[in-house]
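> The sequence shown begins at 44 in the working numbering and counts up by one. Glycine included, each C-beta is placed from N, C-alpha and C at the ideal position. Please read these numbers as outputs of a predicted model, since none were measured by experiment.
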Amino acid sequence: MKKEVYSYFKQTQKVYLSTFGEKFPRVRPITLIYLEDEFFIATGGDDAKVKQLNECKNVEFCLTLNDSENEGYIRGAGVSERIGAVETKRKIMEVIPYIKQFWDDPAAPGYALFKIHLQEIEYLKVGEWLAKKFKV
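1) Cα separation between Val122 and Ile164?
2) Provide the residue span of the beta strand (DSSP E) that contains Gln162, from first to last.
3) Need the endpoints of the alpha helix (DSSP H) that Asn97 sits in, please.
4) Flag this pair as yes or no: are the beta carbons of Phe157 and Phe83 separated by less than 8 Å?
5) For the alpha helix (DSSP H) containing Val129, name the first residue and the last one.
6) Apply the 10 Å Cβ neighbour rule to Glu81 and answer buried if 16 or more other Cβ atoms are within range, or exposed otherwise.
7) Go ahead and pull the three-state DSSP assignment for Glu124.
8) Quick one: what's got a C-beta closer than 8 Å to Gln95's C-beta in the same chain, skipping five residues either side?
9) Can you list, in chain order, the residues of its chain whose CB lies under 7 Å from that of Val48, leaving out five sequence neighbours each side?
10) CB of Leu96 to nearest heavy atom of the ligand ATP: below 7 Å?
11) How far does the beta strand (DSSP E) with Lys57 in it extend, from its first residue to its last?
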């Protein structure tokens, strides 16, 4: 099932990311980066989600799936890790072009990169009614 689920991921896709801020969960659309079987989030260093991820590393994203008549989803839950290694940040910049629209230097203080270490996936296949969970 893992192979089937991972086949939906492209290098970049819009997902809905949930973090925890002050009193409530916070959900927003973001671009999830999938590279070499790893998941990343690139964002501005001053964004609210950076503070939230620094305070509570638990994170979940939801990728919606659909065909012409039905819907499904992939929910990924895990722990975020802020990446400080300039070589990793540079690699992501070289492969994912949109990042260079915001930062031209991988060491730029405004460029925050997080890796998501997935622990669990919930998968609702398009057209089915029962989701399946598995550990990653």
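Inspection of the coordinates gives the following:
1) Here residue 122 corresponds to residue number 79 of the sequence shown, with the count starting at 1. Here residue 164 corresponds to residue number 121 of the sequence shown, with the count starting at 1. In a straight line, the C-alpha of Val122 is about 13 Å away from that of Ile164.
2) By one-based count along the sequence shown, residue 162 stands at place 119. From DSSP, the beta strand (DSSP E) with Gln162 extends over Tyr154 to Leu167.
3) On the sequence shown, residue 97 is found 54 positions in, with the first residue counted as 1. Residue range Ala91 to Glu98 is occupied by the alpha helix (DSSP H) that includes Asn97.
4) Here the question's residue 157 lines up with position 114 in the sequence shown. Here the question's residue 83 lines up with position 40 in the sequence shown. Yes, they are a contact pair.
5) By 1-based counting over the sequence shown, the position of residue 129 is 86. It spans Val129 to Val138 - the alpha helix (DSSP H) in which Val129 sits, taken as one unbroken run.
6) Mapped onto the sequence shown, residue 81 falls at position 38. Exposed is the call here.
7) Counting from 1 along the sequence shown, the entry for residue 124 is found at position 81. It is a strand residue.
8) Residue mapping note: residue 95 aligns to position 52 of the sequence shown, counting from 1. Around Gln95: Thr62, Phe63, Gly64 and Arg69.
9) Your numbering for residue 48 matches position 5 in the sequence shown. Taken in chain order, the residues that qualify are Ile117, Ile164 and Tyr166.
10) What this structure holds is no ligand at all, so the ligand ATP is not there to describe.
11) Sequence index remark: in the sequence shown, residue 57 carries index 14 (1-based). Per DSSP, Lys57 belongs to the beta strand (DSSP E) from Thr55 to Gly64.
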